[in-house]
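Peer 1: One structure follows; several queries about it will come next.
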Amino acid sequence: MDTKPFFSGSQLKWIAIIAMLLDHTAKIISFQPALSVSVPYAVESNQLIELSQVIFPAFIMIGRLAFPIFCFLLVEGFIHTSNTKRYLIRLSLFALISEIPYDLAFSHQLIDLKSQNVFFTLLIGLLVITGLKKLQSHSIKNTILSIIIVGMGIFLAEWLQTDYGGWIGILLIVVLYLFRDFLLLKCILGALVLIQNSWFGLIAFIPIYFYNGQRGKQWKYFFYWFYPVHLLVLAGIQQYLIIPYFN
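As numbered in the numbering used here, residues 1045 to 1291 make up the sequence shown, in order.
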C-alpha cells in the first residue's frame, strides 16, 4: 500500500529547528567535569554533571537531523523561487548577522576567523547550484565548467572552514539539486555523503522522503532570525549563568 507524503516545508523546518536547538544547547551549555571540584553542593552538582553527560550526547545525536533538512529546503527554495538574487542577498545578510553570535557561542570571541557559521555553507551551496542551473544544457564544455564550479564551492567552504565544510555541506546540496527529480535516489546518495559526519543524521532522509511538496504555514523571517538569536541567548546563558556557577 502506498503511503502519501505528509510533511510540509514548514513542518520540516520545525523538525530541523528543534534538532538544531538541542544540538547547540548541548554544545554551548555543557557542564565541564573538570570544574566539578569547585562546584558548591558537590553531591547534587556531580549528579547534575552525570545527568548532563547522558542527555547532552543524545541532544547532539538528534542535532544531526538538522543540517540535511536545511540543505533539502535550500534546494527546494531555489527551485521554486522567483528571485534567486533576492535569495542570495538574504542568505548573505544573515550569514553576516549570524557570525558574531556564532563566534561568541562556539569560540567565546567577538570575531573568530577560524570557522564560519552554517549560513555561509548554505550561501556557497546556493551559489554553486545557481551556476549549475545556468550550465544545465548538456555539452562537454558545460560538464567541465560544472565540475569546476562544484570544486570551487567545496574548496571555498573548506578554506573558510564553514560549518559542515565542503565535502559534506556543499556536496550534499549539489547531490540534492542534481537528483531533485529522483526522490529515492537523492535520499540514498545524500545519505552516502552525510555518512562521513554521522550515522544518526541519515534518519533525516525519512521526513525528507515524505515531503509533500507544500510550503505549509509561512513564518516569514522567523526561521532566519532564530539562528543568530538562539546562539546569542545560549552564549549569554553559558557566560553569565553556567560559567559563574562552576567557578
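We put the CB at the ideal spot given by N, CA and C, even for glycine.
This one's a predicted model, so the numbers in the text were calculated from it and none came from an experiment.
Determine whether the beta carbon atoms of residue 1163 and residue 1132 lie at a separation below 8 Å.
Peer 2: It is not a contact, given that the beta carbons lie outside the stated cut-off.
Peer 1: Out of 1214, 1261, 1279, state which residue places its alpha-carbon closest to the alpha-carbon of residue 1114.
Peer 2: Comparing Cα positions, the closest option is 1214.
Peer 1: Have a look at the DSSP bridge pairing and note the partners of residue 1187.
Peer 2: Paired residue(s): none; residue 1187 is not in a bridge.
Peer 1: Closest to residue 1237 by CA distance: which of 1244, 1222, 1118, 1216 is it?
Peer 2: Measuring from the Cα of residue 1237, the nearest candidate turns out to be 1216.
Peer 1: Closest by CA to residue 1174, which one among 1148, 1270, 1197?
Peer 2: Checked all of 1148, 1270, 1197; the closest Cα to residue 1174 is 1197.
Peer 1: In chain order, what residues of the same chain have a beta carbon less than 8 Å from the beta carbon of residue 1219, not counting five sequence neighbours either side?
Peer 2: Same-chain partners within the cutoff: 1230, 1233, 1234, 1237.
Peer 1: Leaving aside the five residues before and after residue 1146 along the sequence, list all residues of the same chain whose C-beta is less than 7 Å from its C-beta, in chain order.
Peer 2: Answer for residue 1146: 1161, 1275, listed in chain order.
Peer 1: At the level of alpha carbons, what is the spacing between residue 1098 and residue 1228?
Peer 2: Those two C-alpha atoms are separated by around 34 Å.
Peer 1: List, from N- to C-terminal side, the beta strand (DSSP E) runs of 3 residues or more that fit wholly inside the segment 1191 to 1255.
Peer 2: The segment 1191 to 1255 contains no whole beta strand (DSSP E) run of 3 or more residues.
Peer 1: Whole angstroms is fine: what's the gap from residue 1188's alpha carbon to residue 1284's?
Peer 2: Those two C-alpha atoms are separated by around 53 Å.
Peer 1: Which one of 1103, 1101, 1150, 1167 has the shortest CA to CA distance from residue 1121?
Peer 2: Closest by alpha carbon: 1167.
Peer 1: Since residue 1153 sits in a beta bridge, which residues does DSSP pair it with?
Peer 2: DSSP, once it has assigned bridges, lists no residue as partnering residue 1153.
Peer 1: Note down the Cα distance separating residue 1139 from residue 1061, rounded to an integer number of angstroms.
Peer 2: About 17 Å.
Peer 1: Is residue 1160 helix, strand or coil when you go by DSSP?
Peer 2: Three-state result, residue 1160: strand.
Peer 1: Just to confirm, are residue 1251 and residue 1056 a CB contact at a threshold of 8 Å?
Peer 2: It is a contact, given that the beta carbons lie within the stated cut-off.
Peer 1: Might you give, ordered along the chain, the residues of its own chain that have their beta carbon closer than 7 Å to the beta carbon of residue 1204, omitting 5 neighbours on each side?
Peer 2: The answer, listed in chain order, is 1160, 1164.
Peer 1: Would DSSP call residue 1122 helix, strand or coil?
Peer 2: Helix, per DSSP.
Peer 1: Name the residue from 1049, 1257, 1242, 1153 whose alpha carbon lies nearest to the alpha carbon of residue 1123.
Peer 2: Nearest C-alpha to residue 1123: 1257.
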